[in-house]
Amino acid sequence: MRFSKAMKNRFILTLIIALSFFLRIYKITSIPPSLNWDETSIGYNAYSIMLTGKDEWGEFVPLHFKSFGEYKLPAQIYASIPGIYFFGLNELGVRITPVVYGTLTVLLLYLLLQRLYNLRPISLIGTFLLAISPWHIQLTRASFESSFSLFWFLMAIWFLIKGFKKPKWLVISTIPFVISVYTYNTARVFTPLFLFVFYLINYKFMLKNFKYALFGFLTFVALAIPIIPFVISGDAAARYKLVSITDDKGLVPRIEERRNLSKLPPSLTKLIHNRYTYNTYYFSKNYLAHFTPSFLFLDGAGHKQHHVQGVGELYWIQAPFLIYGLYLLIKRKDRSLKILLPWLLLAFVPVSMTNDSIPNALRTLIAVPVYQIFSAVGIFEFFKFKRYKKIILSLSVILFIVNFYMFAINLYILYPIRYSKDWQYGNSQVVEYIKNNQDKYDLVVYTRSYGEPHIFTLFNLKYDPAKYQNSPNLNRFETFDWVRVLKFDKYYFPDLGDKGTKYEDIVRANPDTKILFVGKSGDFPESAIILERINFLNGEEAFEITTN
């Protein structure tokens, strides 16, 4: 039986999608090594909505989840409900959602490439590159909102391109565009900015199809209205100020320091060292940091949760093909650049206005498909040359395999051992011990040393959300940038240690009370009997558990 070319292409695509799913689902409950506090918060709030219709704060089906005070957007939390319903409140229940939409994102790229170039080899190559992308795999193996935002944005671009033949799709595309805005904070800047530039570049087509373009714009605005009050609220402004390059706590002292050190005349000093010049400088520096070989091909982002470490965000073997593909598209003045260049160049604008974790893989994930598209075009066109084709192809395949092998070893073997601390590993083990022994104690004291112990307690105990929302002794307070939960039920979450609340003080304040303590090394007197020690995966001690 002979297979047609179309059947062969479908078979290859099926294999790529299967590979994509496997690379994201394999050891998903243990790599990354544990749920971090954001994943745990997403999971517990989805669980709370599922059972009570309210979040942990008692808000009924909110559009913003206050969580730790950072106000999470709703899409990821609501989308997590089915996974938790079918698999339970656990690692698989939370992470199956990004695995599924991460795999579907790979399929969407194939559909998009077919619309852009209608060349199956390019479509299959680009799809394969996204399927094995270190950048995309890392951020779809855990519950990160940015990868869900990418899924919706890619769908919207696919619809938008379809709109050039059937203008009704211009209107339909606004729905996934808006959903992307409800998914991740960066998209609230990037998506409207991209649409504005896209409409500007394609103004002739938009004028020709004015009623569709106008209706699409009005649809976008109407669907985005519920989120606008929060965007312009004091809470949003305060949160943005904490991470913005315009933050007075960091910016003003830097300017004053430079002015004091300057030997120039006062008027010239003020002209050089001021808010406008510094904001421009830091924005430009942050922006350009995302185009360095170190970030793209060698080391990747420094944030341990956002990148597997030891490899670039892209494979280094992609570099020549990526550059060649971009060169050819520019040389041909390919129409696809009217979408791809604004997409790529605007993707790094929102993160460049922040002051933490630069270069940042999480907030710039939206750019990943563009790099795979340029690389796919470059690979396809390069191997059209017949001279030395077999030798170069064989060498490229070998280098790709070596590159992928280095990434796989880092991700599946080295990464969980080296960086379990960065993922707040040990908290679920602590709560498992608490669960099995808490009936023996009147009070459980659980240190805040490694993050937000209350959310790990709620999640791993599967604590009744209704009971938590109405807990009479629930004690939480807000600082300028965060929310602290100090106590609920029999659980107390102080800053244990010499710089916080001491073991002896808690014992003294609770006479005739049987207390279970969870802390780190040094939090307890030498005479304390350690009931259990919990280590990070590299062998370093994480927690000690004792009693009074």
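In the working numbering, the protein residues as written are 5 to 552. For glycine and all other residues, C-beta sits at the position ideal for the given N, C-alpha and C.
query, result
"Range of the contiguous alpha helix (DSSP H) that encloses Phe528", "It is not in any alpha helix (DSSP H) - Phe528 carries neither H nor E in the DSSP assignment."
"Buried or exposed (CB count within 10 angstroms, at least 16 for buried), Glu95", "buried"
"CA-to-CA distance, Leu174 to Leu318, given in whole angstroms", "32 Å"
"Local Cβ density within 10 Å of Phe352, reported as buried at 16 or more and exposed below that", "buried"
"Contact under 9 Å by Cβ, Thr223 with Thr178", "yes"
"Cβ-Cβ distance between Arg119 and Trp162 below 9 Å", "yes"
"C-beta contact flag for Thr190 and Phe181 at 9 Å", "no"
"Residues bridged to Glu548 [DSSP beta-bridge criterion]", "Gly523, Arg537"
"Identity of the residues DSSP links to Arg480 by a beta bridge", "Val489"
"CB-CB length for Val487 against Phe72, believed under 8 Å", "5 Å"
"Three-state secondary structure (DSSP) of Lys31", "coil"
"4 or more residues per run - each alpha helix (DSSP H) lying fully within the stretch 45 to 118", "79 to 83, 85 to 91"
"Backbone secondary structure at Val406 - three-state DSSP", "helix"
"Separation of Lys212 from Asp338, as counted between CA atoms", "21 Å"
"Contact between the stretch 423 to 437 and the stretch 534 to 544 (3+ Cβ pairs under 8 Å)", "yes"
"DSSP three-state assignment for Thr281, whether helix, strand or coil", "helix"
"Pair within 9 Å by beta-carbon distance, Leu93 and Pro373", "no"
"Nearest to Gly526 (by Cα), restricted to the options Glu548, Pro515, Leu520", "Glu548"
"Rounded separation between Ser137 and Tyr282 - CA only", "35 Å"
"Host beta strand (DSSP E) of Tyr450 (start-end)", "447 to 450"
"Cβ neighbour criterion (16 or more within 10 Å) applied to Asp502", "exposed"
"Inter-residue Cα distance where the pair is Gly523 and Arg452", "8 Å"
"Straight-line gap, Gln473 to Glu544 (C-alpha atoms, nearest Å)", "36 Å"
"Leu500 - partner residues in DSSP beta bridges", "Thr505"
"Cβ-Cβ distance between Thr309 and Arg422 below 9 Å", "The residue you asked about is not Thr; residue 309 is Gln in the sequence shown. In this structure, Arg422 does not lie closer than 9 Å to Gln309 by Cβ."
"Limits of the unbroken alpha helix (DSSP H) element including Ser217", "Note that residue 217 is Ala in the sequence shown here, rather than Ser. 214 to 228 is the extent of the alpha helix (DSSP H) around Ala217."
"Residue interval of the alpha helix (DSSP H) (run including Val355)", "353 to 356"
"Status (buried if at least 16 other CB within 10 Å, exposed otherwise) for Phe132", "buried"
"When Glu456, Thr109, Ile343 are compared against Phe200, the one with the closest alpha-carbon", "Ile343"
"Asn206 classed as buried or exposed, judged by whether at least 16 other C-beta atoms fall within 10 angstroms", "buried"
"Three-way DSSP call (helix, strand, coil) for Tyr429 in this model", "coil"
"Inter-residue Cα distance where the pair is Thr551 and Tyr450", "12 Å"
"First through last residue of the alpha helix (DSSP H) which encompasses Arg192", "189 to 205"
"Tyr375 versus Gly329, Lys394, Thr358, Leu302, residue with shortest Cα-Cα distance", "Gly329"
"Contact between the stretch 31 to 40 and the stretch 63 to 80 (3+ Cβ pairs under 8 Å)", "no"
"Alpha-carbon to alpha-carbon, Ile29 and Phe408", "17 Å"
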